[in-house]
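Structure, as structure tokens:
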Amino acid sequence: MKIRFGALLLGLGICLSGCGNKEEDGKKSYALVTTGVASFWDICKKGGEDAGAELGVQVEVLMPNGSTEQRKALEDLLSKGVDGMAVAAIDPENQSDIFDEVAQNALLITMDTDAPSSQRRVYIGMDNYDAGWMGGELVKEALPDGGEVILFIGRLEQDNAKRRRQGVIDCLMEREKDPTRYDAPGEVVKGEKYTVL
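Just so we're aligned, residue 112 is where the sequence shown starts under our numbering, counting upward by one.
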């Protein structure tokens, strides 16, 4: 994880290498804004801090809880004048305006969850629907005769969680791939061999 975040910071640095220094004291400042507090993000935070020390840049890690807090965190970072942000979008469709504001004033990279309609420079992460589909393939290996499956999702309001969940369901239901499909939570989805509760 440290290597992954270090690569992310290095990418930010390379993208900004042609930009002038924001202040004479020199240190570039970057921020990692997550989708909340979780052990996954704790690992990223440590990796980010270590990579920042190695690269000689300031790194601030914020873990807002919910899209309203994430918006406020982005606004605060803009007012501080950070050089770049790596953001895991909580609600990409409804946050595109703040992402565009960030992109107009700093380098914006999305990670873990993309905001493709924003002006972000690049997305670093996986295709969440395909990742879910791969998870569905693993379920098929574990339960080749079929059965009932329960999917535990942390926060269904997050786009990445929705897409991963849908990928698993579509794989188990033997459907054509369609990342825009969405089976509403709470409904039982029955297929030939598998039932998703």
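Heads up, the beta-carbon is just placed ideally off N, CA and C, and yes, glycines get one too.
Please name the residue in Thr221, Asp208, Arg292 and Ile280 whose C-alpha comes closest to that of Gly243.
Ile280
Within 10 angstroms of its Cβ, does Gly265 collect 16 or more other Cβ (buried), or is it exposed?
exposed
Would you call Phe263 buried or exposed, if buried means 16 or more other Cβ atoms sit within 10 Å of its Cβ?
exposed
Where do the ends of the beta strand (DSSP E) carrying Ser109 lie?
No answer is possible for residue 109: the residues shown for the chain start at 112 and end at 308.
Could you spell out the range, first to last residue, of the beta strand (DSSP E) harbouring Met196?
Gly195 to Val198
Check Tyr293 in the structure and name its three-state DSSP category.
coil
Which complete beta strand (DSSP E) runs does the region 252 to 290 hold, if anything under 3 residues is left out?
258 to 260
Quick one: what does DSSP say Ile235 is sitting in, helix, strand or coil?
strand
Residue range of the beta strand (DSSP E) that Glu171 falls in?
Gln169 to Leu173
Which residues bound the alpha helix (DSSP H) around Leu189?
For Leu189, the enclosing alpha helix (DSSP H) starts and ends at Ser178 to Lys191.
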